[in-house]
Structures are given as structure tokens and as C-alpha cells.
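A.B. asks: Attaching a single structure in C-alpha cells format; questions to follow.
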Amino acid sequence: MSDFLTKLKRTHYCGHLNDSHAGEEVILMGWAHRRRDHGGVIFIDLRDREGLVQVVFNPEISAGCHDEAGRIRAEFVLAVKGLVRKRPVGMENPDLKTGAIEVMASDLEILNESKTPPFVLDSTAEISENVRLKYRYLDLRRPEIQKNLILRSRVAAATREYFCREGFIEVETPFLTKSTPEGARDYLVPSRVNQGMFYALPQSPQIFKQLLMVSGFDRYFQIVKCFRDEDLRADRQPEFTQIDVEMSFITEEDIIRIMEGMMAHLFSACLGRELAIPFPRISYREAINRFGKDSPDMRFGLEIRDLTDILRGSGFKLFSDVVAGGGVIKAIAIENGTSLSR
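Each residue of the sequence shown is one higher than the last, beginning at 196 in this note's numbering.
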């Protein structure tokens, strides 16, 4: 394998090939995603982090290469050399980014064989969480998971780009520190040097970033791990990453402007979507009156309507008693609500 890797260096990622590469000789390396044998010609969907490309092993081009391809099974690690060509008319795959082309293999090296995986590495496959975590190294090969991690990497890079442009300084704060009162229990780390004493993992960099402000750094940010020893819930994790920001000599409007700018930059840089800023704003009182909570989901409507004046003279004792006692009557209008069970 080492001789092959010395002799041949990867020239392209699988998912980067398109019809502009037709006629070029390429060297690809990746995993066998699917294998199909169509009466003498073998097709392998080769996968790497950038996507899939169809590789064709034709005995008329290379009999030895074709024979070796007969051994390939799912998740074999391959190095392939071949010529890119446009697929025959009518054989294109519009659902695949590289569906307009294929690679005619002239050389093949099986870099590593694989046992039959415990589940199909397909982003649409339903796999239990226990199985996924047991075979995490396989789960991380799934395109869906890789896309999430790649997007996360882009968000981190775009975050740094934005805050550096806005004059912020990135500072890494310590992980082994003293316990300070926060909202959850601390994770404790025994000290080998100081017997019977412990470090605490930070629930947030709060103390350190305040020290930085006192020291005159003025604008600080960090993409930082935080640790909280509490039970798992939908919105609680013992270890999580946050974008941590602190500024000096600012107003509430400055904070809102910086955060709105960050969100607009992230959506533009990572998703290609332009957000209009400033964002619409409502007061806390208005949010409670209209939606009953301070973080409403504005997509669904379902606003709370005040019906006190309408029902004041209704004669219905339940309503009249509430109004007489100084209370209010509110309701939510649900479209086709009469069809719902009580």
C-alpha cells in the first residue's frame, strides 16, 4: 500500500468532479459505498467526505483491474486511477452531484478490506441510537453526519472571521480552575500535586472574561467548551460549546447590533442566505401578552387575543364573574379548531 501511495497521489475529491473534468485522468481515494455487477462490467460508487462518484471497471479497459474489483465489498478502502468521461445519454443521474460523469478505472489498489458493516451507511437509513454510538466510527462516515460536522466547522471559521473583523480578540481561558458559584454542579478533577484538593472544570469563562475587561482588552470572544454536572435533558448537556463574547463601554444597542451582525454573517457565509437586519423587535411585555412566553416562535401565529371587552356583557356567568373580579379573558384562534377533539 505504501508503494502505491508513494506512486500515486490523490488529485481530486470524489464529490468535486463534474463534466468539466471529462477527458482528464484522475486519482481518487475513498470508501466503496455501493457495488453493482451488470453482466461483466462492475460499478462502484466511491465515497469520500465531498460526495460520491461512479467508477466503472470494464474488462476491456483493464482485465486485471476488473478482476480485482470483483473482490470489493461495502466499505473497502480504495485507491483508483482512471479517466473521467461523460455518462452515456440517458444514463445520467440528476440526483447525484457527479451524476453527469463517471470514471473509467485503469488502476486499482484495495488499501484496506472491511467486514460487513452492522448497518448500511446511508443517510436515509433508520438506525437505533445505541447501535450508532457503539459503532461511532462507522456512524461518522455517514454523509448526513459528515455534512453536519463540516457545517459546524464552517460556522466556527465564519464566527472567527466576523469577530476579528469587528475588532475582537480571541483568548483561550483555562479549563483547570477554581470552583465558583454558578447555575449547576461542577465537574471536579483531583490534583495529583496537591493531595486532597480539586480543580473544577468551568461552567462558563465568566470570571476570566471579566478579568480581561478589567485588564483593558475591551472586546473578547472565544468558541469554548463548558462543563455542567447535571442530568441530561433535551436542552442540557454535560459538555457543550458556546460562542462566548464580552465587551467594555457599551450599551444594550451595541450588544444587539453585534449579535444581529453575527447571525447575518453566519447565514450568508455558511448557507448563502441573506438576512435583513435589524431584526424585528418586540418588548418582553408584548411577547407575554401576545404569545404567553418570552421566546415565541413567530412562524405559527397563534397569538393570544384579549376578548374581555367583547365578552363583558355576554351574560355568561363564568365570563361575567371573571370580568367583575378585575380579570381578563383571552383566547387563541385555531383554524378548523372545531374539528379537533376536546
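Ideal Cβ placement from N, Cα and C applies to all residues, glycine included.
Taking C-alpha atoms, which residue in G234, G277, A351, L333 lies nearest to H460?
C.D. replies: Of the listed residues, the one whose Cα sits closest to H460 is A351.
A.B. asks: Look at the Cβ atom of F271, then the Cβ atom of E304, and state whether they are nearer than 8 Å.
C.D. replies: no
A.B. asks: Within the same chain, show all residues whose beta-carbon is closer than 6 Å to that of P400, passing over the 5 residues directly before and after it, in chain order.
C.D. replies: T368, V419, D439
A.B. asks: Does the contact criterion of 3 or more C-beta pairs under 8 Å hold for the segment 209–220 versus the segment 252–270?
C.D. replies: no
A.B. asks: Starting from I305, trace the beta strand (DSSP E) both ways and give me its first and last residue.
C.D. replies: 296–307
A.B. asks: Scan the segment 373–409 and note each continuous alpha helix (DSSP H) run of 4 residues or more that stays entirely inside, going in chain order.
C.D. replies: Those alpha helix (DSSP H) runs which fall completely within the segment 373–409 and span 4+ residues are 401–409.
A.B. asks: If I measure Cβ to Cβ from L502 and keep anything under 8 Å in the same chain, skipping five residues before and after, which residues do I get?
C.D. replies: I524, K525, A526
A.B. asks: Does T436 come out as helix, strand or coil in the three-state DSSP assignment?
C.D. replies: The three-state secondary structure of T436, taken from DSSP, is strand.
A.B. asks: Taking I453 as the reference, which of K276, M392, P473, K373 has the closest Cα?
C.D. replies: P473
A.B. asks: For the beta strand (DSSP E) containing R500, list its first residue and its last residue.
C.D. replies: 499–501
A.B. asks: Is it buried or exposed for C421, if we count other Cβ within 10 angstroms and need 16 for buried?
C.D. replies: buried
A.B. asks: With a cut-off of 8 Å, does the C-beta of L427 fall near any C-beta of chain D?
C.D. replies: The structure shown contains no chain D; it is built from a single protein chain.
A.B. asks: Mind checking which residues open and close the beta strand (DSSP E) that includes Y415?
C.D. replies: That run of the beta strand (DSSP E) goes 414–422.
A.B. asks: To the nearest angstrom, how far is it from the Cα of R428 to the Cα of E434?
C.D. replies: Approximately 12 Å, taken between the alpha carbons.
A.B. asks: Helix or strand or just coil, what does DSSP make of K512?
C.D. replies: helix
A.B. asks: On the premise that L241 lies in contact with V275, defined as a C-beta separation below 8 Å, what is that separation, rounded to the nearest angstrom?
C.D. replies: 6 Å
A.B. asks: Could you tell me the boundaries of the beta strand (DSSP E) in which H233 lies?
C.D. replies: First-last of the beta strand (DSSP E) with H233: 220–233.
A.B. asks: If you follow the alpha helix (DSSP H) that G259 is in, where does it begin and where does it stop?
C.D. replies: Taken as a continuous stretch (DSSP letters only), the alpha helix (DSSP H) holding G259 covers 258–264.
A.B. asks: Beta-carbon within less than 6 Å of L470's beta-carbon, same chain only, minus the 5 sequence neighbours each way: which residues are those?
C.D. replies: Within its own chain, the residues whose Cβ lies closer than 6 Å to the Cβ of L470, once the five positions on either side in sequence are excluded, are A459, F462, listed in chain order.
A.B. asks: In chain order, which beta strand (DSSP E) runs of at least 3 residues are fully inside the segment 304–377?
C.D. replies: none
A.B. asks: DSSP puts M442 in a beta bridge; with which residues?
C.D. replies: M442 pairs with R414.
A.B. asks: Mind checking I364: buried by the 16 CB within 10 Å criterion, or exposed?
C.D. replies: exposed
A.B. asks: Can you tell me which of the three DSSP states G246 falls into?
C.D. replies: Strand, per DSSP.
A.B. asks: Using the C-alpha atoms, what's the distance from K292 back to A464?
C.D. replies: 21 Å
A.B. asks: Taking the beta strand (DSSP E) that L212 belongs to, which residues open and close that run?
C.D. replies: No beta strand (DSSP E) holds L212; DSSP gives it neither H nor E.
A.B. asks: Considering only residues of the same chain and omitting the five flanking positions on each side of L328, which have a CB-CB separation below 8 Å?
C.D. replies: Only D334 meet the Cβ criterion.
A.B. asks: In this structure, does DSSP put V279 in helix, strand or coil?
C.D. replies: strand
A.B. asks: Here's the rule: buried if 16 or more other CB atoms are within 10 angstroms of the residue's CB, otherwise exposed. What is L273?
C.D. replies: buried
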